[in-house]
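Novice: Below: one structure in structure tokens.
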Amino acid sequence: MAEVSLRGVKKQFGATQVIHGVDCEIEDGEFVVIVGPSGCGKSTLLRMIAGLEEVSSGDIAIAGKVVNTVEPKDRNIAMVFQNYALYPHMSVYENMAYGLKIRGLPKTEIRERVDRAAGILQIEALLERRPRQLSGGQRQRVAMGRAIVRDPAVFLFDEPLSNLDAKLRVQMRVEIRKLHQTLRTTSVYVTHDQVEAMTLADRLIVMNAGRVEQIGTPITLYEDPATLFVAGFLGSPAMNFLSGSVSADGRSVALPGGVTAPLAATHGAAAGRPVTVGIRPEHLDLAGDAPPTATIKVDLVELLGADTIVHGRIGDGGLLLARIDGAVPIRTGESLPVVLAPNAVHLFDPGTGARI
Amino acid sequence: MRVRVGYSNKVLPYILVAPQVIITLVFFIWPASQALYQSVQRQDPFGLRTRFVGLDNFAAILEDPGYLNSLYVTAIFSISVAALALGLALLLAVSADRVIRGATAYKTLLIWPYAVAPAVAGVLWMFLFNPTIGSVAFALKALGYDWNHLLDGNQAMLLVVLAATWKQISYNFIFFLAGLQAIPKSLIEAAAIDGAGRNRRFWTIILPLLSPTAFFLLVVNVVYAFFDTFGIIHSVTSGGPARATEILVYKVYYDAFEALDLGGSAAQSVILMAIVISLTVVQFRYVERRVHY
Ligand SMILES: Nc1ncnc2c1ncn2[C@@H]1O[C@H](COP(=O)(O)OP(=O)(O)OP(=O)(O)O)[C@@H](O)[C@H]1O
Ligand SMILES: [Mg+2]
């Protein structure tokens, strides 16, 4: 068990800077998910923790010891790769035993450990098979088995589920979470899937273009996104962004189509300024008998059963998605009165993207 | 129900395989059967009369100490060439794989020898090591080592082994390098995280995954050492001194065209064919079993 600290970690490939200084403390036993769009540097960061890439500047410490120049094998970590990276010429048993054999453990203990890990992952029946005789999900389990037999201080996962179909992905996600509840090993998990990130993480690190946008629990990030990027990245369907301007008294915001939405707090400093207004689709509700905040002109309706997604407009250019609970009979072309809670309105600086 | 894929036209399949069959007939079956036919004949020195002698030619060969010597020489030569060419090529490929970005120049240089004809390669090496004018021989002499492969059988053997190996390394190198680059990098990384150092990764991960390539090259190299090295032997030593480098294929040529013993030479080539066929069969049956595909 160990904590992992990143202090001012930067990475350059030749002249291009890929990671622009990451600071983060990962606590012992924590499950941290690094999430961000493709190419933002998630894998690079993870590979630096693993020791597969050198750190250009800054420090990485595992269990309090700076490991910048320590070989991967001496970092006491295990990694699960996206393509599983199972040794094709070895049986499942040999794959899992490989690292233990190198560490010179006695045969009986190797057998015991592999059997225990195989039991946890329910792959006992597959031990004699070769990787190519396994399905994708089974390979994934073997790859995790290979990681857990070693009982490392830190687990590193690089998009381990992205080669699986949607159903299996959900199932494995739950299993990884359960596994972590049993083993309590510090884990760093990389994904670009925000649902995976939200459901797995104790804490999330949202990255964009080599920088950390925000670190926090999934709920904090969902409710209090620090930047426009985080707000837009988390949540499905994505947050609506409208251009608006804060009223002179700073207590409401004017939206397209003459709509005025009240704000929960007074934004004196931003009074009169143009802002980007963020509203989550799930925070728009049918007005019912209450006075509506806005009226949406409905363009398209998606009935998903559990909820209804309404694509509509307020005024010109004010495109808006609303997610209404349950299957509601709404028709295209209809005008839909909706209400919006004041504390569900997020304001961002249109220039910097920072939360106001 | 099994779906059978086939041609509705009865003639087309035969037309399609015909070129391959014709090539095999003209370039393999016909000469091979000629050799078989010749091997049971004996001709007078002027080629005027030919008579059937049964297995006499074979009996004569197997009692000939020169032939037994040639068998021994061939074994030494082929094993040395195959082992050296495979080993060195693998070493070079592993080094190139590590520095693959700067490796283009390195690769090009290594591939050149393959473009050189065996006889030319032989002449090149012969000049380098020529006891009177060769620069390497001169350098060796300066170091106090007396090089004269025209007199010393072991030195002659060493020289043809070197020349033949040099010629084959580039071919092996290309295959080994391609094989190495086909191994996913993440496998090596996984092994590194599992605690394997560079050497152990090589022996437990890289080499097993390279074994199909290595097996293929083994077959090719053995055949090369048996047959394609004729040009090198011919230009460097002509089988000498005192038959120290007279490999089987060279002896076949020499006995037929210099000694004019057509029947004996044909019998030798039949035996040579049998040897190579059985070696290849052995390789496929016993070595391939240990190969991980
Ligand atoms: N070896 C390398 N040499 C040069 N550039 C690299 C190298 N590896 C990664 N990069 C660059 O670094 C950036 C980050 O890559 P990285 O693989 O970390 O992205 P990622 O966030 O994992 O993306 P994905 O979700 O697609 O896996 C990319 O722009 C990539 O082109
Ligand atoms: Mg990646």
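Respectively, the protein sequence lines represent chains U and P.
Numbers 1 to 356, taken from our numbering, label the letters of the first sequence in order.
Numbers 357 to 649, taken from our numbering, label the letters of the second sequence in order.
Glycine included, each C-beta is placed from N, C-alpha and C at the ideal position.
Please read these numbers as outputs of a predicted model, since none were measured by experiment.
Is there at least one Cβ from chain P nearer than 8 Å to I77/U's Cβ?
Specialist: Interface residue, yes.
Novice: Taking just the CA atoms, how far does T217/U sit from L179/U?
Specialist: C-alpha separation (whole angstroms): 20 Å.
Novice: Report buried or exposed for L442/P, applying the criterion of at least 16 other Cβ atoms within 10 angstroms of its Cβ.
Specialist: Buried is the call here.
Novice: Return yes when at least one heavy atom of ligand 1 lies under 7 Å from the C-beta of F13/U, else no.
Specialist: Within the cutoff, so yes.
Novice: What in chain P is Cβ-close to P72/U, meaning under 7 Å?
Specialist: Chain P residues near P72/U: A548, I549.
Novice: In chain order, what residues of the same chain lie with their CB nearer than 7 Å to the CB of A520/P, ignoring the 5 residues before and after it?
Specialist: Only V437, A581, T585, I588 meet the Cβ criterion.
Novice: Rounded to the nearest angstrom, how far is the Cβ of A166/U from that of V33/U, given a contact under 8 Å?
Specialist: Wrong, their Cβ atoms sit about 19 Å apart, outside the cutoff.
Novice: Fully enclosed by the region 479-511 of chain P, which alpha helix (DSSP H) runs are 4 residues long or longer?
Specialist: Runs found: 491-498.
Novice: Against chain P, does I102/U count as a neighbour if the rule is that its beta carbon must be under 8 Å from one of theirs?
Specialist: Closer than 8 Å: yes.
Novice: By the criterion of Cβ-Cβ separation under 7 Å, what are the contact partners of Y87/U in chain P?
Specialist: Neighbours of Y87/U on chain P, chain order: L543, I561.
Novice: Bridge partners of H20/U, per DSSP?
Specialist: For H20/U, which the question treats as bridged, DSSP gives the partners K10/U.
Novice: Is there a Cβ of chain P sitting closer than 8 Å to that of N343/U, yes or no?
Specialist: It does not: the Cβ of N343/U has no partner Cβ on chain P nearer than 8 Å.
Novice: Give every residue whose Cβ lies closer than 5 Å to any heavy atom of ligand 1, listed in chain order.
Specialist: Working through the chain, the matches are F13/U, V18/U, S38/U, G39/U, C40/U, G41/U, K42/U, S43/U, T44/U, H192/U.
Novice: According to DSSP, what are the bridge partners of R203/U?
Specialist: Partner(s): V32/U.
Novice: Can you check the region 232-284 of chain U for any beta strand (DSSP E) of at least 3 residues that lies completely inside it and give the ranges in chain order?
Specialist: DSSP runs (the beta strand (DSSP E)) wholly in the region 232-284 of chain U: 240-246, 252-255, 259-262, 274-279.
Novice: Excluding the 5 residues flanking M482/P on each side, which residues of the same chain have their C-beta closer than 7 Å to its C-beta?
Specialist: Closer than 7 Å at the Cβ level, and outside the excluded window around M482/P, lie S591, V592.
Novice: If the cut is a Cβ gap below 9 Å, which residues of chain U does R556/P touch?
Specialist: The answer, in chain order, is I102.
Novice: Does the distance between the C-beta of E545/P and the nearest non-hydrogen atom of ligand 2 fall short of 7 Å?
Specialist: No, Cβ of E545/P sits at least 7 Å from all heavy atoms of ligand 2.
Novice: Let me check understanding here. Comparing Cα to Cα, which of M629/P, G619/P, F640/P lies closest to G410/P?
Specialist: With distances taken between Cα atoms, G410/P lies closest to G619/P.
Novice: Taking only beta-carbon atoms, is Y98/U less than 8 Å away from chain P?
Specialist: Judged by the 8 Å Cβ criterion, Y98/U is in contact with chain P.
Novice: What residues match up with N528/P in a beta bridge as DSSP calls it?
Specialist: None; N528/P has no bridge partner.
Novice: Taking only beta-carbon atoms, is L480/P less than 8 Å away from chain U?
Specialist: L480/P does not count as touching chain U.
Novice: For a test of the three-state rule: what should DSSP assign to M629/P, helix, strand or coil?
Specialist: Helix.
Novice: First and last residue of the beta strand (DSSP E) that includes V190/U?
Specialist: 186-191 is the span of the beta strand (DSSP E), which, as asked, contains V190/U.
Novice: Do you know offhand how far L304/U's Cα is from P281/U's?
Specialist: L304/U and P281/U: Cα-Cα distance of roughly 14 Å.
Novice: Name, in chain order, the residues that DSSP records as bridge partners for A294/U.
Specialist: DSSP, once it has assigned bridges, lists V338/U as partnering A294/U.
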